Amino acid sequence: DPNNWRLACGSPAAKETLRDLEFAWRSVRSVKSNAILLAAGGAAVGIGMGQVNRVDSARLAVDRAGDRVKGSVAASDAFFPFADGLQVLIDAGISAVVQPGGSVRDDEVIAAAHAGGITMYFTNTRHFFH
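Residue numbers for the sequence shown, in our numbering: 37 to 166.
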C-alpha cells in the first residue's frame, strides 16, 4: 500500500506516477528474483529477472523496454545492495523507483537517486523469496 511507503528521495510522485509505481510493485512480486520491472501508463514495459545480480536484471529490463524506458518507473523485488543497479535505470531515463530499502548501503543508493534527480520510495517489505 503506497500509504505505507516512505519517500526516501525526491519529490512526492504525481498521482499517475504513483499509480504506475503501485502497479510495478504489485507486479514485480510475480517475477523471478532478482527482478526489476519497468512500467508506464499502467503497463509493464520492461522486465529483467532471474539474474545473479540487480545490475544484470536492470540492464535486461532497460533493453526490453527500448524507447519506452524514458519516463517510466521501476520496481525492484528486493533492495539495491549497491547503487550500480539503480544507476543503470537512472542512466536509461526512469523517473521514479520503488524498492524495499534496508541495505547497509542505502545511503549510497539514496545519494545516487538524488544525484539522478529521481523519486525513490522504500516499502520496508520485500518480495524476494530466497
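For every residue, glycine included, the Cβ atom is placed at its ideal position computed from N, Cα and C. It should be emphasised that the depicted structure is a prediction, and the values quoted were computed from it without experimental measurement.
Coarse secondary structure for residue i, derived from DSSP in three states
{"i": "Ser93", "result": "helix"}
{"i": "Phe118", "result": "coil"}
{"i": "Ile126", "result": "helix"}
{"i": "Val105", "result": "helix"}
{"i": "Thr53", "result": "helix"}
{"i": "Ser139", "result": "coil"}
{"i": "Arg42", "result": "strand"}
{"i": "Val67", "result": "coil"}
{"i": "Val98", "result": "helix"}
{"i": "Val169", "result": "Only positions 37 to 166 of the chain appear in this structure, which leaves residue 169 out of reach."}
Local Cβ density within 10 Å of residue i, reported as buried at 16 or more and exposed below that
{"i": "Arg181", "result": "Here the chain has residues from 37 to 166 only, and residue 181 is not among them."}
{"i": "Val109", "result": "buried"}
{"i": "Ser66", "result": "exposed"}
{"i": "Glu52", "result": "exposed"}
{"i": "Leu74", "result": "buried"}
{"i": "Val170", "result": "What is shown of the chain runs 37 to 166, which leaves residue 170 out entirely."}
{"i": "Leu43", "result": "exposed"}
{"i": "Asp37", "result": "exposed"}
{"i": "Gly78", "result": "exposed"}
Given residue i as reference, the closest of the options once Cα atoms are compared
{"i": "Met85", "options": "Lys106, Ile72, Ser131", "result": "Ile72"}
{"i": "Arg95", "options": "Ser47, Asn70, Val145", "result": "Asn70"}
{"i": "Gly137", "options": "Arg55, Glu144, Asn160", "result": "Asn160"}
{"i": "Asp142", "options": "His150, Thr155, Phe118, Gln123", "result": "Phe118"}
{"i": "Ile154", "options": "Asn39, Ala50, Asn40", "result": "Ala50"}
{"i": "Val145", "options": "Gly46, Trp41, Gly82, Asn39", "result": "Gly46"}
For residue i: DSSP bridge partner residues
{"i": "Gly82", "result": "Leu74"}
{"i": "Ala132", "result": "Val109, Thr155"}
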